[in-house]
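A.B. asks:
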Amino acid sequence: MDWNHPEHVFGTSLEPVVLQVLWRTTSSMTGAQIHRLAGTGSDQGVRRALERLVRFGIVRSRQAGRATLYTLNREHLAFPAVDGAFSALQPGRAFRSLVEAIVTEHFPDDPGAVSVALFGSVARGEARLDSDVDVLVVVPDSYSEPAQRVADDLRALEPRIGQWIQVYLTDPGRLREAVETRDPIVQSFQDDSEHLHGPDVRTYLRGTT
Numbered sequence: 001m002d003w004n005h006p007e008h009v010f011g012t013s014l015e016p017v018v019l020q021v022l023w024r025t026t027s028s029m030t031g032a033q034i035h036r037l038a039g040t041g042s043d044q045g046v047r048r049a050l051e052r053l054v055r056f057g058i059v060r061s062r063q064a065g066r067a068t069l070y071t072l073n074r075e076h077l078a079f080p081a082v083d084g085a086f087s088a089l090q091p092g093r094a095f096r097s098l099v100e101a102i103v104t105e106h107f108p109d110d111p112g113a114v115s116v117a118l119f120g121s122v123a124r125g126e127a128r129l130d131s132d133v134d135v136l137v138v139v140p141d142s143y144s145e146p147a148q149r150v151a152d153d154l155r156a157l158e159p160r161i162g163q164w165i166q167v168y169l170t171d172p173g174r175l176r177e178a179v180e181t182r183d184p185i186v187q188s189f190q191d192d193s194e195h196l197h198g199p200d201v202r203t204y205l206r207g208t209t
């Protein structure tokens, strides 16, 4: 999964990226504005992608003085497919839903006892296709058996995202001990963690520097 540009699942050219930028707005934009929002490729590459999409008819262009403005053609016969694809392409939201379902399955009476967060390159927005997905799971030590099942089921999501999932399973006491001993991984939890479920893991990290 390309977490920063999930639209690359449709191809690694710039057309899917450009289409998604235009799909997110009904405003007309210049090629330079689209390039800035795309966050990838070159200005010239984006303009060439736009020209190709205009030829297909899925993007409209018009002149406004010296500028060329582009909009997504929402009347095109292919628009329902484009709209459906990008509406469904929300990997962060989908992963969060899977996490919540796993926790609820194994902790039906107390799902709030479990804290889950992303950390590392995915949380920082720096993940590559070969990056691991790092997940922190914090569960009270009295729940060791269902906690292990949560960790196992999280690892079993690997085929769903096409990447290895590394689960750091711990309990509040051990996490606070890691804070006190200044374990280097704690700084990653503090700086990079992205909350997915339950109490924010930063509540266990107070006192880090």
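Numbering-wise, the UniProt record's numbering puts 67 at position 67 of the sequence shown, and it's gapless, one number per residue. From the three backbone atoms N, C-alpha and C, an ideal C-beta is built for every residue, glycine too.
Apply the 10 Å Cβ neighbour rule to Ala-156 and answer buried if 16 or more other Cβ atoms are within range, or exposed otherwise.
C.D. replies: Position 156 of the sequence shown, counting from 1, holds the residue named residue 156. With fewer than 16 other Cβ atoms within 10 Å, it is exposed.
A.B. asks: Is Arg-62 buried or exposed, if buried means 16 or more other CB atoms sit within 10 Å of its CB?
C.D. replies: Mapped onto the sequence shown, residue 62 falls at position 62. Exposed, by the Cβ-count rule.
A.B. asks: Could you pull the DSSP bridge partners for Leu-50 from this structure?
C.D. replies: Here residue 50 refers to the residue found at position 50 when the sequence shown is read from its first residue. According to DSSP, Leu-50 bridges with nothing at all.
A.B. asks: Across the stretch 99-111 and the stretch 6-25, are there enough close Cβ pairs to call them in contact, namely three or more that are closer than 8 Å?
C.D. replies: Because the criterion of three Cβ pairs below 8 Å is not met, the stretch 99-111 and the stretch 6-25 do not touch.
A.B. asks: Between which two residues does the beta strand (DSSP E) carrying Val-133 extend?
C.D. replies: Along the sequence shown, one-based indexing puts residue 133 at 133. Residues 133-138.
A.B. asks: Alpha carbon to alpha carbon, how far is residue 267 from Pro-140?
C.D. replies: As shown, the chain starts at 1 and ends at 209. That puts residue 267 outside it, with no answer to give.
A.B. asks: Taking only the alpha-carbon atoms, compute the straight-line gap between Gln-90 and Ala-67 and give it to the nearest angstrom.
C.D. replies: For this step, residue 90 is matched to residue 90 along the sequence shown. For this step, residue 67 is matched to residue 67 along the sequence shown. In a straight line, the C-alpha of Gln-90 is about 32 Å away from that of Ala-67.
A.B. asks: Using the Cβ count rule (16 or more neighbours within 10 Å means buried), how would you classify Ala-88?
C.D. replies: Mapped onto the sequence shown, residue 88 falls at position 88. Exposed: under 16 other Cβ atoms inside 10 Å.
A.B. asks: Specify the secondary structure class of Ile-165 as computed by DSSP and reduced to three states.
C.D. replies: Indexing the sequence shown from 1 puts residue 165 at position 165. Three-state result, Ile-165: strand.
A.B. asks: Taking Phe-119 as part of the alpha helix (DSSP H), name the residues at either end of that continuous run.
C.D. replies: Position 119 of the sequence shown holds residue 119. First-last for Phe-119: 115-119, but that is the beta strand (DSSP E), not the alpha helix (DSSP H).
A.B. asks: Closer than 7 Å by C-beta to Gly-57: which residues in its own chain qualify, once you throw out the five before and the five after it? Chain order, please.
C.D. replies: The sequence position of residue 57 within the sequence shown is 57, counting from 1. So the list reads Asn-73 and His-76, once near-sequence residues are dropped.
A.B. asks: Does DSSP put Leu-69 in a helix, a strand or coil?
C.D. replies: In the sequence shown, the residue the question calls residue 69 occupies position 69. Strand at Leu-69.
A.B. asks: Can you name the start and end residues of the alpha helix (DSSP H) that His-35 belongs to?
C.D. replies: As a working mapping, residue 35 is identified with position 35 in the sequence shown. Here the alpha helix (DSSP H) through His-35 covers 31-38.
A.B. asks: Using the Cα positions of Tyr-143 and Gly-125, report the straight-line distance between them to the nearest angstrom.
C.D. replies: For the purposes of this step, residue 143 is taken as residue 143 along the sequence shown, with counting starting at 1. For the purposes of this step, residue 125 is taken as residue 125 along the sequence shown, with counting starting at 1. Approximately 32 Å between the Cα atoms of the pair.
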